[in-house]
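Report on the structure given below.
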Amino acid sequence: MPKMIVSIDGVVIKEVTLAKDRTTLGRRPYNDIVIDNLAISGEHAVLHMIGGDVYLEDLNSTNGTYVNGRAVKKQALEHNDVVEVGKYKIRYLVGAAVAEAAGPAVVAPGVPSGPIPLSSDPTIHTPLGGSAGVAVIRVLSGSGAGRELSLQKVVTTIGKPGVAVAAVTRRLHGYVVAPIDGGTALNGEPLGNEAVALQDGDVLELGGTRMQFVAG
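Plus 4 on top of the position in the sequence shown (first one is 1) and you've got the numbering used here.
Pasting the structure below:
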């Protein structure tokens, strides 16, 4: 199935598989692809899947929808096209290239792909210490205090949907964090829009929940 890879400032924040005839994109929480940013209209665009083809349609958004740098109203997407909405870039991938683009992610059994409410599902947590060589996020406060989430995937979302969500991305020489939804603080300082490198012992705060980054 085709996929849409959403990124900002070079950091992948989510992957969406196009499994329906109609996939909506916008700022409102009822969209299939939610991008909570004021530059994105509440109902910004829609993706129509007709047979093996995917068509992108702009829904008269305030700031427009672009494909490969050109403003569009409705256009068929081709493999590797880049859709731009605000500062976000969404790469369209089909066929075998989908698996290649995802990179060598190691997905732990039972780990969901969406934003993770750390306090509610014990199946997503690894034993203390995590896997050898893999960093972890340790929950310091709230009902999930003491639990750890192993950062085995290329991109791991943390926090509580609708409150505060951030993406931790594994890179060749370490990990970076970028806010997705709501406010995220790193060592007491609010994070901006750009990804910031994480150091062992850094403390993140999302929606009142404190978490510590522990390098592998």
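Cβ coordinates follow ideal geometry from the N, Cα and C atoms, glycine included.
| Item | Value |
| --- | --- |
| I'd like to know if the region 201–214 and the region 183–190 are in contact, where contact means that at least 3 CB-CB pairs between them fall below 8 Å. | yes |
| May I ask which residues mark the beginning and end of the beta strand (DSSP E) holding Gly23? | Note on residue identity: the sequence assigns Ala, not Gly, to residue 23. Taken as a continuous stretch (DSSP letters only), Ala23 belongs to no beta strand (DSSP E), as it is neither H nor E. |
| So His48 and Leu29 are supposed to be a Cβ contact under 8 Å. How far apart are they, rounded? | 5 Å |
| Which of the three DSSP states is assigned to His52 in this structure? | strand |
| Would you decide whether Asn35 is buried or exposed? Buried here means 16 or more other CB atoms lie within 10 Å of its CB. | buried |
| In its own chain, which residues sit with a C-beta less than 8 Å from the C-beta of Asn67, not counting the 5 before and 5 after it? | Ala43, Ile44, Ser45, Val89 and Gly90 |
| Give a yes or no on whether the C-beta atoms belonging to Val1 and Ile141 are separated by under 8 Å. | With the chain covering only 5 through 220, there is no way to say anything about residue 1. |
| Going by other Cβ atoms of all chains shown within 10 Å of its Cβ, with 16 needed for buried, is Ser147 buried or exposed? | exposed |
| Of the choices Gln216, Asn64, Asp40 and Gln156, whose alpha-carbon is the least far from that of Leu176? | Gln156 |
| Roughly how many whole angstroms lie between the Cα atoms of Ser62 and Lys78? | Per the sequence shown, the amino acid found at residue 62 is Asp instead of Ser. Using only the alpha carbons, I get a separation of about 6 Å. |
| Pop quiz: Glu198 and Asp13 are said to be a contact at Cβ under 8 Å. What is the actual Cβ separation, rounded to whole angstroms? | 5 Å |
| Out of curiosity, what's the CA-to-CA distance linking Val143 and Gln203? | 16 Å |
| Compute the Euclidean distance between the alpha carbons of Glu152 and Ile162, then round it to the nearest angstrom. | 11 Å |
| Looking at Val218: is its Cβ nearer than 8 Å to the Cβ of Val200? | no |
| Using the Cα positions of Pro183 and Arg95, report the straight-line distance between them to the nearest angstrom. | 20 Å |
| What is the DSSP secondary structure of Lys91, counted as helix, strand or coil? | coil |
| Please tell me whether Thr27 and Val10 are closer than 8 Å, where the distance is taken between their beta carbons. | no |
| Which class does Met5 belong to by DSSP, given the choice of helix, strand or coil? | coil |
| What does Gln79 pair with, by DSSP beta-bridge criteria? | Leu60 |
| Measure the beta-carbon distance from Val71 to Asp85 and round it to whole angstroms, keeping in mind my assumption that it falls under 8 Å. | 6 Å |
| To the nearest angstrom, how far is the alpha carbon of Val87 from that of Ala75? | 10 Å |
| Let's see if you can read the secondary structure: which residues bound the beta strand (DSSP E) around Val71? | Thr69 to Val71 |
| Is Met5 closer than 8 Å to Val20 when the C-beta atoms are compared? | no |
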